[in-house]
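These protein sequences, in sequence, are chains Y and F. Residue numbers for the first sequence follow the numbering used here, beginning at 1 and rising by one. Residue numbers for the second sequence follow the numbering used here, beginning at 1001 and rising by one. We put the CB at the ideal spot given by N, CA and C, even for glycine. Below is one structure, written out as structure tokens; the observations come after it.
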Amino acid sequence: MVRFFGILVGLFFSGWLLVSFVLGAKEFITNPPEKAVYYDYHLDPKDVSFASDGPLGKFDRQQLQRGFQVYKEVCAACHSLRLVAFRNLAELGYNEDEVKAIAANWVIETPDVDPNTGEMSTRPSLPADKFPMPFANDVAAAAANNNAIPPDLSLITKARTGGAPYLYSLLTGYEEPPTDLPEAAKPGPGLHYNPYFANLNLAMAQPIVADDQVSYSDGTSATIDQMSKDVTAFLVWTAEPKLEERNQTGWAVIAFLIIATILAFMSYQSIWADVKVEKKKKA
Amino acid sequence: MSFPWAKEYTPTTAFGQWMDEKLPIGRLVYNSLGAGYPTPRNLNYMWNFGSLAGIFLVVQIVTGIILAMHYAANADIAFDSVEHIMRDVNGGWMFRYAHANGASFFFIAIYMHIARGLYYGSYKAPREMLWLLGVVIYLLAMATAFMGYVLPWGQMSFWGAKVITGLFEAIPLVGKPIQELLLGGFAPDNAALNRFFSLHYLLPFVMAGVIILHIWALHIPGSNNPTGVNVKGKQDTVPFHPFYTAKDGWALGLFLIFFCLMMFFLPNALGHADNYIPANPLSTPAHIVPEWYFWPWYAILRAFTFDFLFIPAKLLGVLAMFSAILVWFFLPWLDTSPVRSGTYRPKMRIAFWILIVATIILFICGGAPAEEPYVMLSQVAGAYYFAYFLIILPLLSRIEKPLPLPNSITEAVTGKPLEKAS
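See below:
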């Protein structure tokens, strides 16, 4: 009985899937689906490497400091960094006084309540504070940015397929739209052409526009490419601040496991030796 | 049960004897996982995945309990509490990555364990109950993993919850009330997140309980083996300890190396970038995909693109997706061949490997966007999946001529008959 009903159910599901396949294939041949207009123009992220790549990756602290400077002078006007605190900057090599000064001098102050009146107010930031938000709320952010809310950058290199290379490509990928671009894919008002962006048109204008937009104090030449790379490296750190700790722990754990596994394998071999000898006699 | 030659537990200390009279827990362990459990001597490495799955359940429970100490199941702060674990909790990043990747490695182990059961006929008499309990464990694991993925409250968490609970909507009449009951509302929100967290904490312990039944049911007939031939004498077996504890031990080391390579060096490779974006009910991700271990079932769900008479395609997809797993419950009675092991079933063996290929195709299609050629591929592979269990196995059992079986496990291993083997 089970088998009888089983075969009926099987014939139904398998049969209908095959009928669907034939119907779908017929539709596919007679009426092939059109590719989205942007398909031919979209580009994969550029090939770019960072000091933090791979299992041996470490942060280049000089680069992170330069990247922080780019964030501070270019990105921070619109993009929040709400999961990172000023105190975390000590990991970039700043000392305690420098962190205090960065927090106290940050252009946007931290929202607070006036201790005397209880009124809403702001105060200079302390190292324990998270980076304050550039806009009071999403409505204000959208209103100031042509209805597009600038995303928070704390996790951006983990929150986009393609990761850091994608972000770097996006920052350096702005260009004039190709002349043969179909009308539907042309940037609308307030949008900017960038072949690395999913639908080619992005609300953010090119943020890093000219060499020496930021003056580096360590003598590095501030080209567009260098600044884009530096800020990307900084945002790899904000997304995964424990990356170095993770890599180092990983190697220690794997070294331990390899030794433990070899020992376990040897004990397995010796325990099974007698049984295996019997097996070999077969040959 | 046990075989008559099983070693008898003899407590060596006065305390051991005292305990053995009051609560013989030492005897229980000795007879289940110790020297008191005679195990076929010819188990290959496919038999290691059961203990690996069990160990990974323990890894998940331990890391999960620690994460629950810092996680906040509230839609407003769940996402940030996960980032708090990643940034500010000592070693928090390690526990979270171990838990996230541990789920994947649990499923790798459980899939290998199921595939081994399918090939070597471990579902056949007298092990039907063992198999049925295994399917229950798998269903519990799926529910637990799905709800766990919702907890970080990222974009894929939210939209995954919306799509999966939306499946129940396809059921006529009662579908909508069931969906609202599951979510505690009309869309995933705080009520859904809270009940998912509660159940995500509960179900692993239910699983642990069913696993105890699963091991109990295993010890009635004893383990199957690659020949599928019953144990006939003492020489066919070795005591579980130290023989299989040693083999499981070194295989565990190897499995942990792969696990740690993933969790320390590619911790986000098995996840989805969108889940690092906080849940936003107003913004739908371009491609909503579940975790990789659900891809074959997701492909079957989406393979139904045409209504059948009055049954809408979506309902067909939902029925097929659940049937694809529920069919396993009937497997012991669908496959009537008296021969267990695929090694001695030339036709079944070919059909089995085509099933593996079909499942891999479904896996690839489930992770891909719902476009051609993936939909057509999943229709063909899905048709074979159902045909294998419901048509091919029942018919094959009648027409197939199995190869001659060895007289005993000992003979298969040493080439000498059981009685004369030294």
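Counting along the chain, where does the beta strand (DSSP E) carrying Val1238 (chain F) start and finish?
Thr1237 to Pro1239
Taking Cβ to Cβ, would you say Leu1418 (chain F) is nearer than 8 Å to Tyr1385 (chain F)?
no
For the beta strand (DSSP E) that contains Thr110 (chain Y), what are its first and last residues?
Thr110 to Val113
Element boundaries [beta strand (DSSP E), containing Thr1039 (chain F)]:
Pro1038 to Pro1040
Could you check the C-alpha separation between Leu1140 (chain F) and Lys72 (chain Y) for me, to the nearest Å?
49 Å
Using a Cβ-Cβ cutoff of 9 Å, what residues of the segment 1298-1320 of chain F are near chain Y? List them in chain order.
Ile1300, Ala1303, Phe1304, Thr1305, Phe1306, Phe1308, Ala1313, Leu1316, Leu1319 and Ala1320
When DSSP builds the beta bridges, which residues end up paired with Ser121 (chain Y)?
Y:Asp112
Please confirm if the segment 1141-1156 of chain F is in contact with the segment 1367-1376 of chain F, defined as three or more CB-CB distances below 8 Å between the two stretches.
no
To the nearest angstrom, how far is the alpha carbon of Ala1072 (chain F) from that of Met1142 (chain F)?
23 Å
Cutting at 6 Å between CB atoms, please list the residues of its own chain near Pro1004 (chain F), excluding the five before and the five after it.
none
Beta-carbon proximity check, Asn146 (chain Y) vs Ala198 (chain Y), cutoff 8 Å
no
Can you tell me whether Leu8 (chain Y) is buried or exposed, with buried defined as 16 or more other CB within 10 angstroms of its CB?
exposed
List the residues that DSSP assigns as beta-bridge partners of Leu202 (chain Y).
Y:His192
Starting from the beta carbon of Val1238 (chain F), find every residue of chain Y whose beta carbon is closer than 9 Å, and list them in chain order.
Trp272 and Val275
Shorter than 8 Å from the beta carbon of Arg1087 (chain F) to some beta carbon of chain Y?
yes
Look at the Cβ atom of Val1375 (chain F), then the Cβ atom of Ala1170 (chain F), and state whether they are nearer than 8 Å.
no
Does DSSP put Gly1366 (chain F) in a helix, in a strand, or in coil?
helix
Just the chain Y side, please: which residues come within less than 8 Å of Cys1365 (chain F) by C-beta, in chain order?
Going along chain Y, no residue has its Cβ under 8 Å from Cys1365 (chain F), so there is no contact; the nearest lies around 12 Å.
How big is the Cα-Cα spacing for Pro1204 (chain F) and Leu1057 (chain F)?
8 Å
Would you give the residue range spanned by the alpha helix (DSSP H) that Val1451 (chain F) belongs to?
Absent from the structure is residue 1451 (chain F), since the part of chain F shown begins at 1001 and ends at 1422.
Exposure label - Phe1310 (chain F); buried when at least 16 CB within 10 Å
exposed
Unbroken alpha helix (DSSP H) run spanning Asp1020 (chain F), endpoints
Ala1014 to Lys1022
DSSP three-state label for Lys58 (chain Y), please.
coil
Name the chain F residues whose beta carbon is nearer than 8 Å to that of Trp16 (chain Y)?
Phe1304, Phe1306, Phe1308 and Leu1316
What residues in the segment 151-164 of chain Y have a beta carbon less than 7 Å from any beta carbon of chain F?
Leu155, Lys158, Ala159, Arg160 and Thr161
Confirm, please, whether the CB-CB distance from Tyr168 (chain Y) to Val48 (chain Y) is below 8 Å.
yes
Opening and closing residue of the alpha helix (DSSP H) in which Ala1217 (chain F) lies
Asn1190 to His1219
Since Pro1394 (chain F) is in the alpha helix (DSSP H), which residue starts that stretch and which ends it?
Leu1393 to Ile1399
is_contact[Glu1083 (chain F), chain Y] using C-beta, thresh 8 Å:
yes
With distances taken between CB atoms, is the gap from Ala25 (chain Y) to Thr157 (chain Y) smaller than 8 Å?
no
From F:Pro1404, F:Arg1087, F:Val1380 and F:Gly1166, residue whose alpha carbon lies closest to that of Thr1227 (chain F):
F:Pro1404
Give a yes or no on whether 8 Å exceeds the smallest Cβ distance from Val236 (chain Y) to chain F.
no
Hey, Phe1352 (chain F) and Gly1342 (chain F): beta-carbon distance below 8 Å or not?
yes
My guess is that Trp16 (chain Y) and Phe1308 (chain F) are in contact by the Cβ rule of under 8 Å, so how many angstroms apart are they, rounded?
6 Å
Taking the runs of the alpha helix (DSSP H) that are 4 residues or longer, which of them lie wholly in the segment 62-87 of chain Y?
none
Between F:Phe1389, F:His1200 and F:Asp1076, which lies nearest to Asp1189 (chain F) when the distance is taken from Cα to Cα?
F:Asp1076
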